[in-house]
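Line by line, the protein sequences give chains A and G.
Letter 135 of the first sequence, counting from 1, is numbered 135 in the working numbering, and no numbers are missing.
Letter 50 of the second sequence, counting from 1, is numbered 50 in the working numbering, and no numbers are missing.
Take a look at the structure set out below.
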Amino acid sequence: MGIKIKSMKNEDFLDNSTLETLKETGDNFFLTTIDDIVNWGRSNSVWPLTFATSCCGIEMMAAGASRHDFARFGIEVYRASPRQADVLVVAGTIVHKMVPILLRLYDQMADPKYVIAMGACAVSGGPFFYNSYSVLRGVDQVIPVDVYIPGCPPRPEALLYGVMQLQRKIKSKSITNPNEVEEK
Amino acid sequence: MTNDQLKEKISEWVSGIEFPENKQYLEVLVPANSLKKLAELLHNTPETDFDYLISLSGVDYVSHLAVVYHLESTSHKHFLVMKVKTEDRENPNFDTVNEIWRTAEWYEREVFDMFGIKFNNHPDLRRLLMDDDWVGFPLRKDYKDEIKMIER
Numbered sequence: 001m002g003i004k005i006k007s008m009k010n011e012d013f014l015d016n017s018t019l020e021t022l023k024e025t026g027d028n029f030f031l032t033t034i035d036d037i038v039n040w041g042r043s044n045s046v047w048p049l050t051f052a053t054s055c056c057g058i059e060m061m062a063a064g065a066s067r068h069d070f071a072r073f074g075i076e077v078y079r080a081s082p083r084q085a086d087v088l089v090v091a092g093t094i095v096h097k098m099v100p101i102l103l104r105l106y107d108q109m110a111d112p113k114y115v116i117a118m119g120a121c122a123v124s125g126g127p128f129f130y131n132s133y134s135v136l137r138g139v140d141q142v143i144p145v146d147v148y149i150p151g152c153p154p155r156p157e158a159l160l161y162g163v164m165q166l167q168r169k170i171k172s173k174s175i176t177n178p179n180e181v182e183e184k
Numbered sequence: 001m002t003n004d005q006l007k008e009k010i011s012e013w014v015s016g017i018e019f020p021e022n023k024q025y026l027e028v029l030v031p032a033n034s035l036k037k038l039a040e041l042l043h044n045t046p047e048t049d050f051d052y053l054i055s056l057s058g059v060d061y062v063s064h065l066a067v068v069y070h071l072e073s074t075s076h077k078h079f080l081v082m083k084v085k086t087e088d089r090e091n092p093n094f095d096t097v098n099e100i101w102r103t104a105e106w107y108e109r110e111v112f113d114m115f116g117i118k119f120n121n122h123p124d125l126r127r128l129l130m131d132d133d134w135v136g137f138p139l140r141k142d143y144k145d146e147i148k149m150i151e152r
């Protein structure tokens, strides 16, 4: 079963088609239907954590507000508690003093959990924080990241695209091995 | 007081000062040894009455280190920028203005933390923002950190 995301063209994914090849039919065919059902549920109710450290947070709020409204894709409500959140959108600069707090929030989230690095600061340490003693060089230095969204800050459309990519990624996972997507 | 009157007054009080031209505010470059004296006179004389230290900041000009004092008088509504420089990068030190403007206590701690400029007779000169065991002064131009910094 091919993975289709509503209102996105298939050719948009051509440059990034490896995810589908990860989930080619092979072993454990008893579970593939259950996988599809579980992944359908998981990928369509990804609840983000209310966590924004700088201007990317404003774009994230705009993405959640009525014009862009990412609740359309099931990225439903911002949860104030990490216990109830599925995705941690790292929206903004992470300084070294913020790292322990970020790690604690990530650790408090229940599995399955996903991380989106939004904006240049979270991706790589920022477009203008060169020669800075205080800024972390990308959030992937401390926590595993699923989707990177470049931009400074990315427009809400870019966040929507990144969230759709995350949904695709979630759909390619299996409940037998939830944290790893193995190449077959 | 107008800027010209201020200039005249300051030139009477201390020698060896300079007034750089074409600045936004009246600016005065003070030798380090007469900094304390000038600050006290500016604060205590009723005609000048600089009762408000807006900010105190450190600057690294590579060739020298400087401390910049932005002063305002809330009664006369006039401004003055006071600068003091040193070429000693190993052990730079100036007199504290903490007992003249109490707000300088934490400003000077911050300047010490970021630039390593010491303030003589400061009551509690510790690091303000960085950890106590931090090595080096991060806002200096020659500060290096191989792990944390992206060089450019």
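C-beta: ideal position from N, C-alpha, C; glycine also.
All values derive from a computational prediction rather than experimental measurement.
- Chain-ordered, the chain G residues with CB closer than 7 Å to the CB of A:Ser-132 read Met-149.
- Residue-level contact by beta carbon fails for G:Arg-89 and chain A, as no gap is shorter than 8 Å.
- At the C-beta level, G:His-64 and G:Lys-85 come within 8 Å of one another.
- In this structure, the straight-line span from the alpha carbon of A:Leu-160 to that of A:Asp-146 is close to 14 Å.
- Taking 8 Å as the cut-off, the beta carbon of A:Tyr-114 is found no closer than this to the beta carbon of A:Val-135.
- Closer than 8 Å to the CB of A:Gly-125 there is at least one CB belonging to chain G.
- A distance below 8 Å separates the beta carbons of A:Arg-79 and A:Trp-47.
- Relative to G:Ala-66, the option among G:Asp-131, G:Ile-117, G:Met-1 whose CA is nearest is G:Ile-117.
- The closest CA to that of A:Glu-59, considering only A:Tyr-130, A:Glu-76, A:Glu-157, is found on A:Glu-157.
- When only Cα atoms are considered, G:Phe-115 and A:Asp-69 end up about 47 Å apart.
- With a cutoff of 8 Å on beta-carbon distance, G:Ala-39 and G:Phe-94 are scored as not near each other.
- Residue-level contact by beta carbon fails for A:His-68 and chain G, as no gap is shorter than 8 Å.
- G:Ser-55 is bridged by DSSP to G:His-70.
- Put simply, the CB of A:Arg-79 is far from chain G, with every gap to its CB atoms at 8 Å or more.
- Closer than 9 Å at the C-beta level to chain G, one finds these residues of the stretch 131-165 of chain A: Asn-131, Ser-132, Tyr-133, Ser-134, Val-135, Leu-136, Arg-137.
- The three-state reading of DSSP puts A:Phe-70 in helix, counting H, G and I together.
- Counting the other Cβ atoms within 10 Å of the Cβ of G:Glu-8 gives fewer than 16, which makes it exposed.
- Contact check for A:Pro-82 against A:Leu-49 passes: the beta carbons are separated by less than 8 Å.
- Counting the other CB atoms within 10 Å of its CB gives A:Ala-71 a total below 16, which places it among the exposed residues.
- Ranked by how close their Cα comes to the Cα of G:Leu-139, the residues G:Leu-53, G:Glu-110, G:Leu-125, G:Asn-120 have G:Glu-110 in first place.
- Of all residues in the stretch 61-79 of chain G, none places a beta-carbon less than 7 Å from a beta-carbon of chain A.
- Using a CB distance cut-off of 8 Å, G:Arg-152 counts as an interface residue toward chain A.
- Residue pairing by DSSP places G:Asn-120 opposite G:Asp-95 in a beta bridge.
- Unbroken beta strand (DSSP E) stretches of 3 residues or longer found wholly inside the stretch 69-148 of chain A: 87-91, 114-118, given in chain order.
- For the stretch 133-146 of chain G, the set of residues with a beta-carbon nearer than 7 Å to any beta-carbon of chain A comprises Pro-138, Tyr-143, Asp-145, in chain order.
- The count of Cβ pairs closer than 8 Å, one atom from the stretch 89-96 of chain A and one from the stretch 105-124 of chain A, reaches three, so the stretches are in contact.
- For G:Glu-40, the uninterrupted alpha helix (DSSP H) segment begins and ends at 35-44.
- Remark: C-beta atoms of G:Tyr-107 and G:Thr-74 do not approach each other more closely than 8 Å.
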